[in-house]
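Per the numbering used here, the sequence shown starts with residue 4, numbered consecutively.
Beneath this line is the structure, given in structure tokens, with notes to follow.
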Amino acid sequence: MRRQNYFNNRKIRRQAKKVICIATLTATMLTSIPFVSYTDAYAKGQTTLEEMKALSIPTEDATTYNLSDASLITDKTIVDYFGRETMVKVIEINITENGNYKITGSNEINGALIDTHIVVAEGVEANIIFDGATIKNDDRYGDDVDGCGSVLYSQLFPILDIEGKANLYVEKDSSLTSAAVDNNPVICVTGEMTQQEGTGSLKLAVGSGEGVYSQEQVICGYKNGKWGNVTIKGGKLDFTGSIYNVDQFTMTGGTITSKVDEDQVIMANDINISGGVWKHKQGGDSMPSEIIGAYDSITISGGSLNLLRGKEAGSSCRAFGGDKVRIIGGTIQRDESIYIQDALDAYANKLDDSFTLENLPENANVKAINGVPAAGLTTTPEGKLENIPLPDACNIIELEKNGNIYQYKYAAKYVADTKSMVPDTETKVYDVTLKFTNEDGSTTEKTVKLADGFKIQGQYFDGVDFYECLDANDTVVTDTNPFTISESNKEVTLKKKAAVITVDGKEIEGNVVPEGSIYGILPDGGEKWTQCADLAYPGDVMKEDTRLVTIPSQKREGKWFVELGSTDEVWWVKNQIRNNSSLNVVLVDDLDFKNEEAKSLFSEYFSFYYGIFDGDGHVIKNMECTELYVLPERNYGVIKNVHFNNIRIQQPRSNTTRSGIICGNNYGTIENCSVESSVIEMLGEVQVGGPNKELCEGLNVYGALTGANFGTIRRCFASGVTFSGDGVSYPIAQDFSKSKLENVYYQAEVESGEIAKSATQFASGEVCSLLNRGVTDGSQYWYQNIDNDAEKDAVPVPDRSHGTVYSGYQGCTKAYSNTELSDTPSHEVKYTAENNVLTGVCKADPSHTVTMTLTAEDAEYDGKEHKAVLNKTYSDMWKEAETDVDAKIIYTRDGKPATDLTSTGTIKASVTMGGAVIEVMYTIKAAPTPTPTATPMASPSAAPSATPTVSPSVVPSAGPTATPAGTNPGIVPSADPSEGNKSTATPAPSDKSVIAPGETKAPAAAKAPETTGTKIASKKGDTYKVTDTSGKIPEVELTKSAAKKKAKTVVIPKTVKVDGVNYKVTAIAEKAFAGNKKLKTVVIGADIEKIGAKAFYKCVNLKKVTIQTTKLKAKTVGAKAFAKIHKKAVVKVPKAKKKAYKKWLKKRGIGGKQKIVTNV
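See the structure below:
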């Protein structure tokens, strides 16, 4: 089944301005370049016309994309309607800046076609020059199935997506061909496309370009609820297919050559043709209702149209179809099977045919026809005017040369079965005065030549404005009261027609729709807003008399919404959405269907939605839904704040699409929604066969919220949803790799994974807190009565009168309450000691345990500090509480407290918790002294004998005879070599400085840093805790600023000096600045590696945060570190870290209107 996107409610559009311009160069390209128009230059013989066209192409500083360049290829993953992922190679060119861009080469690389996508971004104006480019896309993906199980295919993307403004120039012949699929536009325009003059032709086609598909849309003016405009000013455009769903189509020049089978060649809201040549051939075995169609108006004031049949006519059709067709100039050549009907000329006379006038001077320029200017119209060398639309009257042709006039009358009045115009020499011709009265009362006159009996039958139209015609008695001229030209009737008053606009029966000033509401356009005889099919929005311009009636509506966040507050209004809203799939709707009351059967609130089958459906907290309930979903089949927009209760989706008759309470398939966003106590009936056996049965079986899917999720679902839940019958069901939705589930939960028997929560978890407030992501400042969506005095809620509700749910701790247990809780757990722990192991067990919850092991090792003196180590191991349940036991190691020497962990001696380390004590002893030993080597003072005078004759009486000492004062070698060489080195006792450490061997004087004593865990204070009064002393520079954590509660600006220093020792500041403690209402600016230094939880929590006036460090990570920044600071705070981060920091900053409290920017 082919799906069409039809025009939205013919919302009154801005009047298209008729711009007749041969060529326009981009203003930025011409500010310093003198030029003449190329038509003038051509006429004066300065250069050829083609050369001048080439000069109009803005190639200066153009960015060139050669599609043959393989470096442009990227990989893209496509997920089709069936959930299958396919990796394809594509060329994507995103034009995001104003400028000139040249496209050249072919996208066939190494024998393969690489699908190409060129995007002109919204807000960008680009000059795109096609220079011999050949682009052919052939990839496709399964987009849907029809009722018979046949797969419908779509292309990956249009070749050219114009969201901004694109001026197209063709330097050399170029062709763009999209894939031969069901959804196949070559160019999609939701902004403005203008074809300018060029020296080549642009060819657009689908597939083979031979009309394989009957409904090829080579240019589509609609996507995702947005509409675009197309203008042809020059150049050559050749296409096979149609221009479809365009808002405003304007043609002022250039040449179009087109062909289409069994469809309109163009369908737009308004069409205005004032120049150029359009040659069209209609193919196919059957004819459409019209060749050129408009939802609103068609105006032809010039140019040449050739509408021909490609095959022998089997049926006939109108040339033009629309509510208002005015032909006041130009030529129209057509086959007999293509007729003109319901068109009017400038005087509101009916035009039912076009004619060829003979016996005129050859090659003569025509000045006017029936007084209407005919610029550019010339007779043939045979003296003919061909294909001229004329009314059934005596028509006057006025030539420019000498002002000669020629009269022609409709021969059918005089000769039976003849439809031609023949010369007329009998009817009198008068100079008729047209007296124009402007809105300010001023008047101008114009004299035209009209024949006796010529009629004016309604409003006069000059191509831009309408004028009300008044006869000599100031009576308004109509088709039932025409003004007939005669000897006594040669003056007519034309009063510029100002549209009369009434709102709710009262006339307003001007023709602009006022603010305050959406309005309905009442049809003839209509009085109620529910009778309106068309809508008008504030700021729309009414070109004709219009009766407006207020539609129940409201403006929310800058967008207009139609209100829906009763089941009696559903049919009207459904029709509006059918006409405009981008219509925004807001519920203003619950919709209670009282257990009666009802269809979807949207169009039943293949309903695509691009707008915002805002339930505003209301409920759709008690509905026996006969469709597969309550809202659209496919959501591409936003569905939010709407809740469903007691819905039964009845068993479908067929199941070739997915089913869900909210929608069948979500490609957009569903947020803050819930489904409760509902039933989905499933049909087990797929009702189609053939080769696609297996694919269709994959669509027999049912989900509580939506059948399948390709987009985003956030902060939603399902509770009490059951599935009956055979089929594949999902508690939320069938999910695919590119989709997102954010804080989405369903009620299950037991907790499982991340999204299945038990009834207890729902009732406790846990799910409510998760849905709100912990937000409790009043901006959250969900509420729940759990422990206040009100009736308890089993699940979260969107009612602000119910309680706010806070998460925190009651003692050491994670809890949820309607009153604020502590952010940190507190344990009442009983400790026991065994050897060097201390075990703590929480009295409130024995599963909360901590084991601390104290160890230390002997060491040799090396001038460094040697500490004991306390390892803490928490149970899994304690770990969840995310709190640390504050245990200190106490050091003593000889029973006295000690901070010296460097000097030699024995040290005792101990930890005491609740009366239980563990301790270890360790020793810092002196380093061994090297053994000196004896050196003879002089050479011997004679060689010694081989054997000594006398033994020495004394054995010489192997070492020095005395030990230098103050040293502690620990080992003294023995005088007897046979005894080896003997160990001697180590004397008790002295409080004097130790002099190293070889020194003669003790060095000045170096001040040692405080031990780890010690709290110290700077001269400014800032408090720090020592965290590490093993490095060259000891490290500290800022725990409290002296400036807290006072200073408006705080700079976290890189280092701090305390008692002569330099410490490096590497961390900011938990809650270091929490609740500081004075603080406005903070600078975080370059060495900070850690920021504790809630470090700047509730610093409500903190507006500027500068982070200089690059050492932070998500795991080193605590929860809510920056939560609830100023709502418009700006956080500056290092440029190289912006992407990484942005992720965790958002999770630590930065969001909403707060900004994350880079340091300059």
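The C-beta atom is built at its ideal place from N, Cα and C for all residues, glycine as well.
Just the Cα atoms here: how many angstroms apart are residue i and residue j?
i: L437; j: I511; result: 30 Å
i: V1085; j: L1041; result: 14 Å
i: D149; j: G287; result: 24 Å
i: G1155; j: K1130; result: 7 Å
i: A793; j: N821; result: 11 Å
i: Y639; j: K817; result: 39 Å
i: E769; j: K1149; result: 22 Å
i: S722; j: K1116; result: 38 Å
i: G1121; j: I1153; result: 13 Å
i: V1059; j: K1081; result: 24 Å
i: V724; j: M626; result: 14 Å
i: E442; j: V480; result: 19 Å
i: T42; j: G201; result: Reliability fails at T42, whose pLDDT of 34 lies under 50, so the model's placement of it is uncertain and the value that follows must be treated cautiously. Cα to Cα, the separation comes out at about 13 Å.
i: Y172; j: Y68; result: 15 Å
i: L586; j: S761; result: 38 Å
i: N1162; j: K1106; result: 15 Å
i: E403; j: A371; result: 8 Å
i: N839; j: K891; result: 14 Å
i: A377; j: I408; result: 14 Å
i: V1133; j: V1053; result: 16 Å
Quick check on residue i: buried or exposed, where buried means 16 or more other Cβ atoms within 10 Å of its Cβ?
i: T876; result: exposed
i: G1034; result: exposed
i: W574; result: exposed
i: N598; result: exposed
i: R803; result: exposed
i: S357; result: buried
i: A396; result: buried
i: K1146; result: exposed
i: G667; result: buried
i: M196; result: buried
i: A129; result: buried
i: G476; result: The displayed chain sequence assigns Asn, not Gly, to residue 476. Per the 10 Å Cβ criterion, exposed.
i: K1018; result: exposed
i: D897; result: exposed
i: A1139; result: exposed
Tell me the DSSP bridge mates of residue i?
i: H563; result: First, the residue type needs correcting, since residue 563 is Trp and not His in the sequence shown. K558, per the DSSP bridge assignment.
i: A721; result: V678, Y749
i: K1093; result: A1070
i: V1108; result: V1085, V1134
i: W230; result: Y225
i: H646; result: V622, S677
i: W281; result: I259, L308
i: H120; result: E95
i: F616; result: V588, I642
With a cut-off of 8 Å on the beta carbons, I'd call residue i and residue j a contact; round off their distance for me.
i: I1128; j: C1102; result: 5 Å
i: I162; j: I121; result: 7 Å
i: I165; j: A65; result: About 18 Å; that fails the 8 Å criterion.
i: P635; j: S610; result: 4 Å
i: Q737; j: N712; result: 7 Å
i: V589; j: D617; result: 5 Å
i: G231; j: D250; result: 6 Å
Is it the case that the Cβ atoms of residue i and residue j are separated by a distance below 8 Å?
i: G843; j: V832; result: yes
i: T1235; j: V872; result: Beyond the ends of the chain as shown, which are 4 and 1163, falls residue 1235; an answer cannot be given.
i: G167; j: A136; result: no
i: A502; j: E547; result: yes
i: G332; j: L308; result: no
i: F726; j: G86; result: no
i: T1030; j: T1015; result: yes
I'd like to know if residue i contacts chain C, where contact means its C-beta is closer than 8 Å to some C-beta of that chain.
i: T659; result: Among the protein chains of the structure shown there is no chain C, as only one such chain exists.
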